[in-house]
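*Asks:*
2 protein chains.
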Amino acid sequence: MSPESQDKNGRHKARMQSRKKVVDEAVSKALEERGIVVLYTGDGKGKTTAAMGTVTRALGYGYSTVVTQFIKGTWECGEKNLLMSAAHPLQWHQMGTDFTWETQDFDADKAAAIALWEKAREALRNKEVYLVVLDELTYALNYRWLDKEAVLQAITQRPREQTVIITGRGAKQYLKDIADTVSEMRAEKHAFNSGIAARRGIEW
Amino acid sequence: MSPESQDKNGRHKARMQSRKKVVDEAVSKALEERGIVVLYTGDGKGKTTAAMGTVTRALGYGYSTVVTQFIKGTWECGEKNLLMSAAHPLQWHQMGTDFTWETQDFDADKAAAIALWEKAREALRNKEVYLVVLDELTYALNYRWLDKEAVLQAITQRPREQTVIITGRGAKQYLKDIADTVSEMRAEKHAFNSGIAARRGIEW
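As they're listed, the protein sequences go chains A and B. Just so we're aligned, residue 1 is where the first sequence starts under full-length UniProt numbering, counting upward by one. Just so we're aligned, residue 1 is where the second sequence starts under full-length UniProt numbering, counting upward by one.
(1) Kindly indicate which three-state DSSP category A:Gln94 falls into: helix, strand or coil?
(2) Give the single residue among A:Lys80, A:Val37, A:Asp43 whose Cα lies nearest to the Cα of A:Thr56.
(3) For chain A, check one thing: does any of its Cβ atoms lie closer than 7 Å to the Cβ of B:Arg57?
(4) Under a CB-based cut-off of 7 Å, is A:Tyr40 close to chain B?
(5) Answer yes or no: does any C-beta atom of chain B fall closer than 7 Å to that of A:Val182?
(6) Got a sec: which bits of the segment 111-128 of chain B sit with their beta carbon under 9 Å from any beta carbon on chain A, in order along the chain?
(7) Could you pull out every residue in the same chain whose Cβ sits closer than 7 Å to the Cβ of B:Cys77, ignoring the five residues on either side in sequence?
(8) Is there a C-beta anywhere in chain B that falls below 7 Å from the one on A:Met185?
(9) For the alpha helix (DSSP H) that contains A:Arg57, what are its first and last residues?
(10) For B:Ile36, report the span of its alpha helix (DSSP H) as first-last.
(11) So which residues on chain A does B:Thr54 lean against when the C-beta distance must stay under 7 Å?
(12) Check the Cβ of B:Ile196 against every Cβ in chain A and list those closer than 7 Å, keeping chain order.
(13) According to DSSP, which residues form a beta bridge with B:Gln69?
(14) Strictly by DSSP, which residues pair up with A:Lys189?
(15) Compile a chain-ordered list of the residues in the segment 141-163 of chain A whose CB is closer than 7 Å to at least one CB of chain B.
(16) Residue range of the alpha helix (DSSP H) that B:Val151 falls in?
(17) Roughly how many angstroms lie between the CA atoms of B:Leu83 and B:Gly10, to the nearest whole one?
(18) Under the rule that 16 or more other beta-carbon atoms within 10 Å means buried, what is A:Ser85, buried or exposed?
(19) Can you give the beta carbon distance from residue 205 of chain B to A:Ala191, rounded, assuming they're within the 8 Å contact cut?
What follows is the structure in structure tokens.
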């Protein structure tokens with residue numbers, strides 16, 4: 001080994017030892033075992049997609065999962081095709097309307113959201129369910145389709161082992177307050193704004 | 001319908017019509033059909049998970065997908081369990097080392113990264129591959145395991161229909177420059193920092 005390479009290895013080793021110490025210390029303190037609330041918000045790409053990645057992950061261990069989608073009613077999506085086609089312990093509920101700006105009917109949208117919320121609330125009471133996804137829930141709350149207090153209560157009083165993922169732009173502080181993990185997806189750039197069409201298998 | 005409800009419906013309808021106009025205009029301008037480069041960076045949760053959600057999505061349409069993971073060598077993960085267990089058109093390559101702060105050996109890590117990059121470069125030349133994931137590529141670049149210019153060239157000269165997803169903290173400007181979509185996952189809160197253990201089926 002050249003002296004230069006030895007030197008580089010030495011620096012790398014010191015940096016990695018210091019990194020390992022930080023990681024080991026954090027791991028030794030992170031001992032509480034329970035389900036969490038994850039909130040993905042912000043205007044960037046990746047919120048629903050990250051939720052769907054987690055669904056795939058949970059199902060990979062055979063954990064029972066319930067997906068509820070509060071906006072994307074009748075859209076086709078690849079992950080649903082794949083995950084529903086095999087015998088996974090997965091339920092998938094949608095609002096059964098189109099995007100709300102297509103329907104433009106507040107009462108119909110609200111009724112569909114409330115019906116969907118009943119499915120979500122049922123999952124949030126069920127100890128057998130490991131993961132509940134409340135996709136685009138922020139819209140249903142911000143449009144006041146759902147009763148905020150009832151939603152917060154159902155989430156915070158869920159079974160201890162259950163994890164909940166909430167997605168959507170414009171999450172209010174009350175959602176951040178009940179979440180254990182909050183990631184804000186910030187859009188630095190979006191292909192759509194450069195005139196590139198949304199793509200099958202990538203965007204939906 | 002009560003007057004109050006009519007009024008609310010009227011306001012909602014006006015808001016949704018305006019929203020529909022904005023969306024329709026954007027859709028009418030987004031006509032370019034090609035694969036894109038998506039970059040997920042930042043310190044928050046959701047980067048790899050969003051990439052895995054997209055893999056599930058692409059495979060849901062039967063699109064050929066290649067995943068390369070530049071750090072997470074020997075970890076078990078639920079999505080790999082699930083997606084590799086069925087006959088999907090999916091290749092999954094890992095560095096075959098442990099986290100780099102566990103090994104603390106620069107030359108061994110670099111050799112493993114270069115070997116993995118060869119797999120990635122092969123995929124980036126293959127017109128049959130619809131989606132290539134370069135998970136945690138930023139580390140391999142920031143540690144200078146890989147030649148930056150060779151990586152940028154392989155990505156920008158890929159087949160026109162191919163989409164590439166790059167993940168990892170600390171993406172430099174040269175990666176943002178070649179990306180069509182950049183989302184920065186900003187950690188507002190992380191359960192791990194509140195002493196909650198990483199959870200099977202959720203974190204890995």
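Quick reminder that beta carbons are idealized off the backbone N, C-alpha and C, glycines included.
*Replies:* This is what the structure holds:
(1) In the structure shown, A:Gln94 sits in a strand (DSSP, three-state: E or B).
(2) Residue nearest to A:Thr56 within the set A:Lys80, A:Val37, A:Asp43 is A:Lys80 (criterion: CA-CA distance).
(3) True, the Cβ-Cβ gap to chain A drops below 7 Å.
(4) Chain B, which has a Cβ nearer than 7 Å to the Cβ of A:Tyr40, makes this yes.
(5) Flagged as an interface residue toward chain B: A:Val182, by a C-beta distance shorter than 7 Å.
(6) Listed in sequence order: no entries.
(7) Here the set comprises Trp204.
(8) Yes, A:Met185 lies at the interface with chain B (some Cβ there is under 7 Å from its Cβ).
(9) 47-60 is the span of the alpha helix (DSSP H), which, as asked, contains A:Arg57.
(10) No alpha helix (DSSP H) contains B:Ile36, which DSSP labels as neither H nor E.
(11) For B:Thr54, the chain A residues whose C-beta falls within less than 7 Å of its own C-beta are Thr49, Ile202, listed in chain order.
(12) Using a Cβ-Cβ cut-off of 7 Å, B:Ile196 is close to Ala30, Glu32, Arg34, Ile36, Asp180 of chain A, given in chain order.
(13) DSSP lists B:Gln94, B:Asp135 as the bridge partner or partners of B:Gln69.
(14) DSSP, once it has assigned bridges, lists B:Val182 as partnering A:Lys189.
(15) Flagged, chain order: Thr163.
(16) In this chain, the alpha helix (DSSP H) harbouring B:Val151 covers 148-156.
(17) Cα to Cα, B:Leu83 sits roughly 47 Å from B:Gly10.
(18) Within 10 angstroms of the beta-carbon of A:Ser85 lie fewer than 16 other beta-carbons, which makes it exposed.
(19) This structure cannot speak to residue 205 of chain B, because chain B is shown only from 1 to 204.
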